[in-house]
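A short write-up of the structure that comes next.
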Amino acid sequence: MAAVIEADARVTSVKLEGLAALKIIKHCQESLPTMVTGSLLGLMIEDGVLEITHAFPFPEPLDDKGDIVKTADEAAVEDEAAALDGHEFQIEMMKMLREVNVDNNCVGWYQSMYLGTHS
Numbered sequence: 006m007a008a009v010i011e012a013d014a015r016v017t018s019v020k021l022e023g024l025a026a027l028k029i030i031k032h033c034q035e036s037l038p039t040m041v042t043g044s045l046l047g048l049m050i051e052d053g054v055l056e057i058t059h060a061f062p063f064p065e066p067l068d069d070k071g072d073i074v075k076t077a078d079e080a081a082v083e084d085e086a087a088a089l090d091g092h093e094f095q096i097e098m099m100k101m102l103r104e105v106n107v108d109n110n111c112v113g114w115y116q117s118m119y120l121g122t123h124s
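Each residue of the sequence shown is one higher than the one before, counting from 6 in the working numbering.
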């Protein structure tokens, strides 16, 4: 399990870089109407400002045949297997980003909505 690091100061504002915003928008638009999630990476800078510098999507869950689940019926997907694959993906992605000197501190997640619905 990952370590949780408590912030020294309270977050008073969030600075979202343009590249991170565009990656989130692109991921959500390409997957409509399916809801998608992803990770937000960044760091805490001075005076309680949280800076989000990068975002990447989580992999979509797979069914028993290895096909991407695109329907609302996700009962066929094993929750533990989907979570394990997503966890491994996130760890590997953060390792690769660290190698190319990108901020790799996970500061949050995003989730898309379609017509105001959420789960």
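We put the CB at the ideal spot given by N, CA and C, even for glycine. These numbers were taken from a predicted model, which means no experiment stands behind them.
Just checking my contact of E56 with K28 at CB under 8 Å: how many whole Å lie between their CB atoms? Taking a contact as a CB-CB distance under 8 Å, the pair E56 and K28 does not count as one, their CB atoms being some 15 Å apart.
Going along the chain, which residues of its own chain have a beta-carbon closer than 6 Å to the beta-carbon of M118, five neighbours each way excluded? For M118, where only same-chain residues beyond five positions count, there are no Cβ hits under 6 Å.
Take the Cβ of P62 as the centre, count every other Cβ of all protein chains shown within 10 Å, and call the residue buried at 16 or more, exposed below. If you draw a 10 Å sphere on the C-beta of P62, you find 16 or more other C-beta atoms in it, and that means buried.
Which of the three DSSP states, helix, strand or coil, is assigned to F61? DSSP places F61 in the strand class (E or B) of the three-state scheme.
Please determine, among G23, L48, A60, L46, the residue with the shortest C-alpha to C-alpha distance to H32. Closest option to H32, Cα to Cα, is A60.
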